[in-house]
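The sequence shown runs -30 to -1, 1 to 440 under mature numbering (1 follows the signal peptide of the UniProt record, and there is no 0).
Below: the structure, in structure tokens.
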Amino acid sequence: MAILHTCFLRALLCSPLPLLIFFSWYNVEAYGGAINCSSPLKGFNHSGKLQLIDKYGPCSPLSTQGKTIPRLQEIFLLDELRVRSIHSLINNQQHPLGDSKATVLPTKSGVALGTGNYIVSIGLGTPKQDFMVAMDTGSDLTWIQCQPCPNSPTCYEQSGPTFDPSKSSSYSGITCGSAECSHVYSATFYSPPCNSACIYEARYGDQSFSIGLFGRETLTLTPSDVFPGFQFGCGQNNSLNGAAVAGLLGLGRTPVSLVSQTASTYGKIFSYCLPRSKSSIGYLAFGDQTSATSSSNVNYTQLIPNPDGYPNFYYVSLIGISVEGQRLAIDPSVFTTPGTIIDSGTVVTRLPPSAYDALRSAFRQVMSESNYPLAPPISPYDTCYDLSGYNIDTVNVPSIVLHFDGDTDLQVDPFSGALAVLSESQACLAFAANRDDSQMVIFGNRQQRTFEVIYDVPGQRLGFAVGTCN
């Protein structure tokens, strides 16, 4: 295996570049309820599921590693950096550098990476080596930190051993002149120089990055779901804030994503149930959702073709919001003009300021009727309440419904989607405003909890299933 240690490579291995790719963030939640680390794999009729877990919660295998949990302000700052990066790319303020089965991976929530509040376990190589990686629907390239590293500062400390391709009989490199290498640009917005090996570079909004060799390896998701020749990044120069996990699992839409590479088996269909709290487990599922598509518990909205030449994201059409059964007086164009993406990596849903103002006003009105005392704001939340004198289970949280095109109405969960309970004395409206109405609406992961979110890429639709994530 080639080693990136010359600095034709030094410019690649050592120099910072603009923020171009995206990552997921930690789930902020004070009230996790009773710890329940048993398998959550109820859902629909999947042949297998991968557990999805909160990285810092008690269910995480990384929770015993002694990692410091970031403060709320740090977590919210990381989320804001992700949002800015997405807006910057979409608004073209950053310039590019040159017959299905079903399988489900249980998911867990994480932040140490700076790239993932939800983590899953996958296997690479022959014989198989297992690694915890962060999943992200806003990224395409899957990469793992690899040996050998040119020197120790170019690799970060992770939980468990680093992948060593020299110990795998199934690893092979990809040359820079190959068709596979051309896919790296669409996945990373970085055009690799061509010498012999295909070099990739992925940069993230918190200055985290991975640089290495693009190669092929056998990917194992479950004992019965094994994919020889899976294309991935073998990172030899990596920096991840507070890193512990081994890498990133890209679930975007370009040819290099896991969704595209496993299409012959799973048909470009996947779904997930996010953990409702740090002390519970969700899942990530791949494959045919036959029972789901015929279920009356699933509502679908259209996945919109990606505008502006950005193929990575999943676009939907949000058209309105209701509070306590009353549709807010917001013209649908407020949402449809900038557009909306659904993103597993953004925590806080970002709305156009005019839409957020209407939501906040209605929410405050209902909360004032119950005389809940206000609490200091914490950015990005500006509407918070002190509930220390109340039984949290009896708090009258205003109902919030998000209306999507296709008569798809999504009532968010009161204590995960409507109200973010940070502590007994600080519970906040779980939405935030963009800086102006021209910026993309981002449907974040707080409002996705309690639903099975189904991505049917060939059918160009996004489904929300009720009652399958309990």
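Don't be surprised by glycine CBs; every beta carbon is placed ideally from N, CA and C.
Here's the rule: buried if 16 or more other CB atoms are within 10 angstroms of the residue's CB, otherwise exposed. What is residue i?
i, result
"residue 65", "Because the pLDDT at residue 65 is just 37, under 50, the model does not fix this residue reliably, and the point stays unresolved."
"residue 307", "exposed"
"residue 339", "exposed"
"residue 171", "buried"
"residue 164", "exposed"
"residue 127", "exposed"
"residue 437", "exposed"
"residue 250", "buried"
"residue 24", "buried"
"residue 426", "buried"
"residue 322", "buried"
"residue 230", "buried"
"residue 406", "exposed"
"residue 135", "buried"
"residue 93", "buried"
"residue 222", "buried"
"residue 361", "exposed"
"residue 359", "exposed"
"residue 435", "buried"
"residue 287", "buried"
"residue 262", "In this predicted model, residue 262 has a pLDDT of only 48, less than 50, meaning its place in the structure is not dependable; the value taken from the coordinates is given anyway. Classification of residue 262: buried, given that the 10 Å Cβ count is 16 or more."
"residue 433", "buried"
"residue 364", "exposed"
"residue 341", "exposed"
Give me, in chain order, the residues of the same chain whose beta-carbon lies closer than 6 Å to that of residue i; leave out the 5 immediate sequence neighbours on both sides.
i, result
"residue 402", "318, 320, 350"
"residue 439", "243, 420, 422"
"residue 138", "95, 96"
"residue 328", "298, 300"
"residue 396", "345, 354"
"residue 155", "161"
"residue 379", "371, 373"
"residue 59", "none"
"residue 153", "225, 226"
"residue 190", "93, 98, 196"
Would you please state the rounded distance, in angstroms, between the beta carbons of residue i and residue j? I believe it to be under 8 Å.
i, j, result
"residue 168", "residue 194", "Not quite, the Cβ-Cβ distance comes to about 30 Å (not below 8 Å), so this is no contact."
"residue 199", "residue 116", "With a Cβ gap of about 17 Å, residue 199 and residue 116 do not count as contacting."
"residue 100", "residue 157", "Not a contact, Cβ separation roughly 24 Å."
"residue 174", "residue 314", "No, residue 174 and residue 314 are not in contact; Cβ-Cβ is about 15 Å, not under 8 Å."
"residue 310", "residue 285", "7 Å"
"residue 305", "residue 325", "7 Å"
"residue 124", "residue 177", "At roughly 15 Å, the Cβ-Cβ gap does not stay under 8 Å, so residue 124 and residue 177 are not in contact."
"residue 374", "residue 224", "The Cβ separation is near 24 Å, so there is no contact."
"residue 90", "residue 254", "5 Å"
"residue 275", "residue 290", "22 Å between Cβ atoms; not a contact."
"residue 130", "residue 216", "7 Å"
"residue 113", "residue 202", "6 Å"
"residue 392", "residue 330", "Wrong, their Cβ atoms sit about 17 Å apart, outside the cutoff."
"residue 424", "residue 53", "Not quite, the Cβ-Cβ distance comes to about 25 Å (not below 8 Å), so this is no contact."
If we cut at 8 Å on Cβ distances, does residue i have a partner in chain B?
i, result
"residue 432", "Any reference to chain B falls outside this structure, which holds one protein chain only."
Which residues does DSSP list as the beta-bridge partners of residue i?
i, result
"residue 447", "Past the edges of the chain, shown from -30 to 440, lies residue 447, and the structure says nothing about it."
"residue 145", "167"
"residue 421", "436"
"residue 349", "Beta-bridge pairing links residue 349 to no other residue."
"residue 46", "BP columns for residue 46 are empty, so no partner."
"residue 195", "192"
"residue 105", "219"
"residue 173", "179"
"residue 187", "200"
"residue 442", "Shown here, the chain extends from -30 to 440; a query on residue 442 therefore has no answer."
"residue 293", "296, 370"
"residue 51", "Beta-bridge pairing links residue 51 to no other residue."
"residue 255", "241"
"residue 379", "373"
Give me, in chain order, the residues of the same chain whose beta-carbon lies closer than 7 Å to that of residue i; leave out the 5 immediate sequence neighbours on both sides.
i, result
"residue 376", "270, 271, 272"
"residue 57", "409, 410"
"residue 140", "95, 96, 187, 188, 198"
"residue 394", "357, 358"
"residue 69", "Since pLDDT at residue 69 reaches only 39, below the 50 mark, its modelled position is unreliable, and the value read off the structure follows with that caveat. Cβ neighbours of residue 69 beyond the five flanking positions: none."
If you drop the 5 nearest sequence neighbours on each side, which residues of the same chain put their C-beta closer than 8 Å to that of residue i?
i, result
"residue 461", "For residue 461 there is no data in the structure shown, the boundaries of the chain being -30 and 440."
"residue 336", "293, 294, 366, 368"
Do three or more CB pairs link the stretch 401 to 418 to the stretch 383 to 392 at distances below 8 Å? yes
Segment contact, 8 Å Cβ cut-off, at least three pairs: the stretch 227 to 239 with the stretch 137 to 152: no
Quick check: the stretch 291 to 301 against the stretch 360 to 378, are there 3 or more CB pairs under 8 Å? yes
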